[in-house]
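Each residue of the sequence shown is one higher than the one before, starting from 1084 at the first, in the numbering used here.
Here a beta-carbon is modelled for each residue, glycine too, at the ideal position from N, C-alpha and C.
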Amino acid sequence: IKTLRDDWVSEFILLGFSSDPTTNRILFIAFLLLYLSSVLGNGLIVTLICLDMHLHTSMYFFLCILSLLDMGSVTTTMPQMLVHLLAQSQTISFAGCWLQMYMFGALGLTESIFFVVMAYDRYVAICYPPRYAVILSWGLCTWLSAGTWACGFFFFVIHTFFTMRLPYCGLACMDTNLIAMVDLVISVFMVVAPLSLIVASYIRIAQAILKIKSMQPRCKAFSICASHLTVVTFFYAPATYIYIRPNSRYSPEQDKQISLFYNVFTVLLNPVVYILRNKDIKRAFLKVMQSSRLAW
1084 IKTLRDDWVS EFILLGFSSD PTTNRILFIA FLLLYLSSVL GNGLIVTLIC
1134 LDMHLHTSMY FFLCILSLLD MGSVTTTMPQ MLVHLLAQSQ TISFAGCWLQ
1184 MYMFGALGLT ESIFFVVMAY DRYVAICYPP RYAVILSWGL CTWLSAGTWA
1234 CGFFFFVIHT FFTMRLPYCG LACMDTNLIA MVDLVISVFM VVAPLSLIVA
1284 SYIRIAQAIL KIKSMQPRCK AFSICASHLT VVTFFYAPAT YIYIRPNSRY
1334 SPEQDKQISL FYNVFTVLLN PVVYILRNKD IKRAFLKVMQ SSRLAW
């Protein structure tokens, strides 16, 4: 931590993954490829959903929002990390750190709540198929999406505000019990409450699917939920470890690895799961490719 005065921090020094230049260059190439794959994959999903009229349903509208959240989340941290892997300076300004922490946390909290909205979408689709379009009207979908973004960005202001008000002298040098309590509340709001609602939704969904006597509709119903469940699992597993684990199990090096998986690989998983498993997305992709060939 670099200070202008004894009571004012001007910038932070980021430790990174390695101090070896050769290792950093290798990491730069690997992370750059992962970042580009994540952005291009999620961008492809957004583009296909916007171009194909058959994908203009609530399910794909929510998937489009999820892809936008993922692109925003990975773009908040990865470009800065890529620059620091090659640059001599490993510092970040106080304002830059504040903005990065807020944006990453707010987008993560928004996505956590948004998975509940997507679970509700699957619940209505499986349990009330005839009324699906009526219940999940475009008006309700818009309000649910806007409300999720508003909650995520509003509630993470509290965490950022209390964290940045701490005095820093090498490390935060005052009683941090208040910020620890705020972290606990945010953790419950970010992980425990949404995950509980998702589990409750899928219990009802499983009960509805098991009542279906025909095997083919039952398999189709399970397939509809499989992609969402896969993404939810890979999102909440590292998030639960990071935010809910006891302080006695804290390990900076292990946290780096978990955070990297949480920030990069989970974001990359979304397009992989939905593009490979979803027939409508694959059909839209082939249609766009054929249209491009005809245009040429």
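Which residues share a DSSP beta bridge with residue i?
i: ILE1175; result: PHE1095
Taking the straight line between their C-alpha atoms, what separation do you get for residue i and residue j?
i: SER1220; j: TYR1203; result: 13 Å
i: ILE1269; j: ALA1276; result: 10 Å
i: GLN1163; j: TYR1118; result: 12 Å
i: TYR1206; j: SER1284; result: 6 Å
i: ILE1281; j: TRP1226; result: 19 Å
i: LEU1343; j: GLN1183; result: 15 Å
i: HIS1167; j: ILE1341; result: 19 Å
i: PHE1318; j: ILE1288; result: 20 Å
i: ARG1366; j: HIS1242; result: 43 Å
i: LEU1149; j: SER1195; result: 10 Å
i: ASP1153; j: LEU1351; result: 9 Å
i: ALA1322; j: HIS1139; result: 31 Å
i: THR1158; j: SER1279; result: 29 Å
i: THR1106; j: PHE1095; result: 22 Å
i: MET1136; j: VAL1371; result: 12 Å
i: TYR1215; j: LYS1296; result: 21 Å
i: GLY1126; j: LEU1165; result: 20 Å
i: ILE1209; j: TYR1143; result: 16 Å
i: VAL1199; j: ILE1175; result: 34 Å
i: PHE1145; j: ASP1103; result: 42 Å
i: ARG1108; j: LEU1115; result: 10 Å
i: ASP1363; j: VAL1240; result: 38 Å
i: MET1201; j: MET1161; result: 26 Å
i: VAL1314; j: SER1228; result: 18 Å
i: ILE1292; j: TYR1324; result: 31 Å
i: THR1316; j: LEU1190; result: 18 Å
i: VAL1271; j: ASN1361; result: 32 Å
i: CYS1133; j: ILE1307; result: 21 Å
i: GLN1173; j: PHE1238; result: 30 Å
i: PHE1245; j: TRP1232; result: 21 Å
At what residues does the alpha helix (DSSP H) containing residue i begin and finish?
i: LEU1219; result: Run containing LEU1219: none; DSSP gives neither H nor E here.
i: ASP1153; result: 1141-1169
i: SER1102; result: No alpha helix (DSSP H) contains SER1102, which DSSP labels as neither H nor E.
i: GLN1345; result: A small fix is needed here, since residue 1345 is Tyr in this sequence, not Gln. Element bounds for TYR1345: n/a, residue is neither H nor E.
i: LEU1280; result: 1276-1293
Buried or exposed: which applies to residue i, given that a residue is buried once 16 or more other Cβ atoms fall within 10 Å of its Cβ?
i: ASP1089; result: Here the model assigns ASP1089 a pLDDT of 47, short of 50, so the residue's position is not dependable and the matter cannot be decided.
i: ALA1170; result: exposed
i: THR1349; result: buried
i: PRO1212; result: exposed
i: GLY1235; result: buried
i: GLY1230; result: exposed
i: ASN1222; result: Reading the sequence as shown, one finds Gly at residue 1222 and not Asn. Per the 10 Å Cβ criterion, exposed.
i: HIS1311; result: buried
i: GLY1188; result: buried
i: ALA1304; result: buried
i: SER1374; result: exposed
i: SER1121; result: buried
i: PRO1354; result: buried
i: LYS1085; result: Since pLDDT at LYS1085 reaches only 46, below the 50 mark, its modelled position is unreliable, and no value is offered.
i: MET1264; result: exposed
i: PHE1197; result: buried
i: THR1193; result: buried
i: MET1273; result: buried
i: VAL1217; result: exposed
i: GLY1124; result: buried
i: LEU1369; result: exposed
i: LEU1097; result: exposed
i: LEU1087; result: Caution applies to LEU1087, whose pLDDT of 46 falls short of 50 and renders its modelled position unreliable; the value that the coordinates give is listed next. That one is exposed.
i: LEU1267; result: exposed
i: CYS1302; result: exposed
Can you tell me whether residue i sits near the ligand NAD, meaning its C-beta is under 7 Å from at least one heavy atom of the ligand?
i: TRP1226; result: Within the structure as shown, the ligand NAD is missing, as the structure has no ligands at all.
Practice prompt. At 4 residues or longer, and completely inside the segment 1187-1218: list those alpha helix (DSSP H) runs for me, N to C.
Written response: 1215-1218
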